[in-house]
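Protein chains in written order, with the UniProt record's numbering: chain A, 1 to 345; chain B, 1 to 345; chain C, 1 to 345; chain D, 1 to 345. The next block holds one structure in the form of structure tokens; read it before the comments.
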């Protein structure tokens, strides 16, 4: 038998020589398919408003512009494991109840008067609020305000689909019945450190349905005059699951950080992939030599193992960033790694 | 050899017949040496003030009236594993820095203008605040207000001494140096659910040095109109360690609960021992047939496995109780047990 | 009001001045009431045999000689939190089924042909076997061999009683029915590292009902020619709960250790209290200046925070010690502390 | 602006309408790209031997035939997250030392006299042994036996690469130095339930470098006459990490199972993907209507959420299967789901 004959036979037997694939399968270090990229709120908002006029929520189960990373076109994703989109809903509209194993959250950008009903609880929205929809929770939206409501939509479906673990189900009616007091999850756990002693955890995710911006702003203010926090990230707070002290969902960690005027962060990289949304202020993040300038409500992506550095370009105003990443995944699976690293530029 | 000769020989050999001790060692159910008991704030406060005039803090390392359970005189304790005392400190005074393996906390009853310095951090006091001093943390007190400062002092020394694990050390100076921003622990963890991402746990206890009453009151208010909570305990919130979601210290769990006007709790008992302090309101707790009436700042003890029922005797005012227990110990060691049980009366 | 009048009034109010008790409540370091002590197998065995002839198991629920520490006479205990006794049962006898919240185990010294039935499973005994009876498991004994059966009986009742968490119940019949295959717990978990995937934990304790000496000896032999292990304890192996990798029961940790010929251990102390039983060999343990010489089947006590050093006095034979301690309690409650320390002598 | 103009503009802005992708991103249930498939030992072994003659280990870093699932050609994988290959090494050969973040193991099929050196410890191989190489552990191979050595090579690189977390490094010399006693990890933890008390965990994976077949066979024999175990999987044992009781590595769980003669398993499916290798016996596994017949050393793949049923087609002989899966990943991330399900056929 010649090598060629053997190679041919192996192909038919469903086998292949490792030595011909080796370098591709075992790279010296990760090189994400995602690229550093930003999405402009000013540019995208008009299109959202356009489709809110031309496309009904009966046609589109959800009216969302996906923020597609140029390196992750098909299937579409924002970073390797996570997705970001901009969703709009109009006064008087409702969005169909459904559930999926993907974990999701909303981070509110504009508008008031809407709520998401999550497993029977109405959860209201205001700018800066973080609303959780953990995996397999029924959720539908209703808007009774008087102006469009826009939020950042976040999901881990790229991860869940890569792991081939996605399930999806529509609720038999358009809206689920309300069975709990409004915003109960948020109010019962107003402070994660004062937890209702008559409850017990009912899953791996946080029971706080809504982390209001009011509370988040108070937490940021409370540490305003203490040490600078991290030299990489400034004052950076992790939203936590009050039952465990860990991340809000097993696959997604959420943070908010304040960069003081003139902040020039240290460079770093880690294996987690991160998506940022600008709460307020102006600045730039340098990622692997690419400078991403940002201002209010812009979204930008820092791929895993890309080096990054945050800059607050204002000499007088704080900048505040909201972000989410797959760091909990990397830690659970023993794959988290981080080191100081200069992004250049 | 006769039995008697054998019994005598055994005594000399350091052995004893189990069959002569059996019933005492294996009781059918626990019967605490502690008894249901209450301590009157109105009665005790004058004595505190008296000794604040006649006894200096150089003579007494701490000026504290121990609340001694009639069943636990020697060594003195309030319930089986825990201690409560009333401590007073005058304007201009300082109390010597020391540390001990016993876990401790202060629950403030009266006064402002004082602080405890805990491992280099000044922690300020106001009525209703809960200040932690976890085991082996240096702590000293300073009072610069203009009226006496009184708090409930809590320690687990009865447990630690029963386990023969107590260590104690005096600081070489009267006061330790301040090395951290004032109230940093409290402000960094204002919300347990938003935790500083640049910190990591440095021990088994909560890093929240001060749980202010302001925050506690907000948490209670936030659940005011939702379900009644527990039929035994009303709206009951557990103070938690933000790193773990568990109790604030490994041996002591702290709670605050609101009993709505006219609340008549269900009867229950559990193996944990509990000490209560009345934040506001008037009512009674029936314990194993003994009725303990209480009003503001009174302290009362519910021994382990004693049946109890809480009553708010006001038809118009809430009652609010602060409490602490050894439930974390019982749970860690697999000894926690609870059941519905009528205290009678 | 004078001080004296105030002291008197306080007594009636159930309060006491901390400043008069301070030093006793906060010792500089632990000083166990237990003393270093040993119990001779050669001396005690005849008395066991004596009472096996003069006392029936109908009179004594269990026929056990308690090994009472001279410092812990009432209530009787062997070290602060733990108890050891020597139990004997004769061919043809049975011992009444009961259960208690105290965790217990048997370490077999002499005889074959008996079994303990634990929650419906017959667990057989042979010298060197460790048989667990975790808290609240029904257990009764039956002996069908042809010579007396003697074992070391271990319980945590001093701890459970100090925590006022002891419950006890007699089974309505003398013996419980057998509902599981013989020694199933032991055989299903023959290797803790190969666990039955169709089972799940049903409590905080190990499901291994019997750790046979045969398996223990194999484990000791397997590390015979590798490094010496600990300079304090030689080759020391911890019996573990295969579901957690932790101690076999939440309150008691069990170990076996081999001291090579001529072993002269480093001195150490820790807050855990320990009871040893000699499996084979001859040697001595120096505890706080007291030399305890030991040989086969002797039992000896090392109180918490006492300094100790192990010696194998044979130049040619290994010594093997079995031991158990409350280290899991100290660790769970954040009270474990250890340091190098010379016991003198 | 028309819809078309808006769609075109969005494309340039890196955004896309979710409503055009919806169904693909949120499937009703997982449908693995992998297909049920088996690989024949009898067919593949001659090709392994062929390349052992024509390809040196200087040319191929490792001489391995990858078992490529027909649904997962590029990049090649055996099931969605895991890889299996057949590796051969000849007497006198060595394989270059390297390390990678992918977790790996070897399951030995044929030969003796070789060892893998893992972080300084020589780990020897014999048929049926499971040898771990947790992520980022240096490893190289040496064969000094007198016949070819063949093993099943397992890696989680499909998962690690999908998560973009792969690192790889070559050791500067061909072989690393030996710094620990031979097979120390295996011998120190011969029983997971008797663990060396002088060691502490140094990572998330099992310290047992080698789970010998001798020990595995003893564990299987020990439960031979007890209950049948699972109606789906027969007597099925999980290899565990003795420090935690959990899976051997954070991304891969390993099991061995015995199907008694004539075993006809119940049907089931779960979100984990599994690869099987036949230790001995003959039978078939029906997967989503496809019957995979198997005999000794064959490998077969059961994709996630595929229904399966195991059959032992012999009326007199046991069948024994070794398997590994990504169940630990699914459980850590909250994505594990299972249900009874008939595979048909």
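C-beta atoms are modelled at their ideal positions from N, C-alpha and C, and glycine is treated no differently. Predicted model only: the values in this text are computed from it and were never measured.
What did DSSP end up calling residue i once you bin it into helix, strand or coil?
i	result
residue 125(D)	coil
residue 180(C)	coil
residue 234(A)	strand
residue 24(D)	helix
residue 151(B)	strand
residue 247(D)	strand
residue 66(D)	strand
residue 186(A)	helix
residue 196(A)	strand
residue 96(B)	strand
residue 167(D)	coil
residue 211(A)	strand
residue 19(A)	helix
residue 329(A)	helix
residue 160(D)	helix
Give a yes or no on whether 8 Å exceeds the smallest Cβ distance from residue i to chain B.
i	result
residue 208(A)	yes
residue 189(A)	yes
residue 56(A)	no
residue 222(A)	yes
residue 230(A)	yes
residue 294(A)	no
residue 315(C)	no
residue 70(C)	yes
Near residue i, what residues of its chain come up, given a Cβ to Cβ distance below 6 Å and the 5 sequence neighbours on each side ignored?
i	result
residue 282(C)	295, 313 and 314
residue 243(C)	201
residue 263(C)	234 and 312
residue 41(C)	297 and 298
residue 212(B)	129
residue 253(B)	247, 325, 327 and 328
residue 169(C)	99
residue 147(C)	111
Using a Cβ-Cβ distance cut-off of 8 Å, determine whether residue i contacts chain D.
i	result
residue 329(C)	no
residue 281(A)	no
Between residue i and chain A, is there a C-beta pair that is closer than 8 Å?
i	result
residue 135(B)	no
Please go through the same chain and pick out, in chain order, the residues whose beta-carbon is closer than 7 Å to the beta-carbon of residue i, but skip the five residues on each side of it.
i	result
residue 160(C)	101, 102 and 166
residue 219(D)	237
Pull the bridge partners of residue i from the DSSP assignment, please.
i	result
residue 293(B)	284(B)
residue 278(C)	321(C)
residue 38(A)	300(A)
residue 115(B)	124(B) and 142(B)
Looking only at its own chain, which residues have a Cβ that is under 8 Å from the Cβ of residue i, when we skip the five neighbours before and after it?
i	result
residue 207(C)	185, 188, 189, 199, 201, 241, 242 and 243
Kindly say whether residue i, judged by its beta-carbon, lies nearer than 8 Å to any beta-carbon of chain C.
i	result
residue 63(B)	yes
Mind checking if residue i is an interface residue toward chain E, Cβ cutoff 8 Å exclusive?
i	result
residue 303(C)	No chain E appears in the structure shown, which is made up of the protein chains A, B, C and D.
> If you measure beta-carbon to beta-carbon, which residues of the region 236-252 of chain A are closer than 9 Å to chain B?
Replying inline: Of all residues in the region 236-252 of chain A, only 236, 237, 238, 239, 240, 241, 242, 243, 244, 245, 246 and 248 come within less than 9 Å of chain B when Cβ atoms are compared, listed by chain position.
>> Under 7 Å, CB to CB, which of the residues in the region 252-266 of chain A have a partner in chain B?
In response: Against chain B - using a Cβ distance shorter than 7 Å - the residues of the region 252-266 of chain A are 255.
>> Please identify, using Cβ separations under 7 Å, the residues of the UniProt domain "Cupin type-2" (86-153) of chain D that lie next to chain A, in order along the chain.
In response: Interface annotation for the UniProt domain "Cupin type-2" (86-153) of chain D against chain A: 100, 101 and 135, criterion Cβ-Cβ distance under 7 Å.
> What residues in the region 2-29 of chain A have a beta carbon less than 8 Å from any beta carbon of chain D?
Replying inline: Result list: 3, 6, 9, 10, 13, 14, 15, 16, 17, 18, 19, 21, 22, 24, 25, 26, 27, 28 and 29.
>> Output needed in chain order: residues of the region 154-177 of chain A with a Cβ under 8 Å from some Cβ in chain B.
In response: Along the region 154-177 of chain A, none of the residues has a CB nearer than 8 Å to a CB of chain B.
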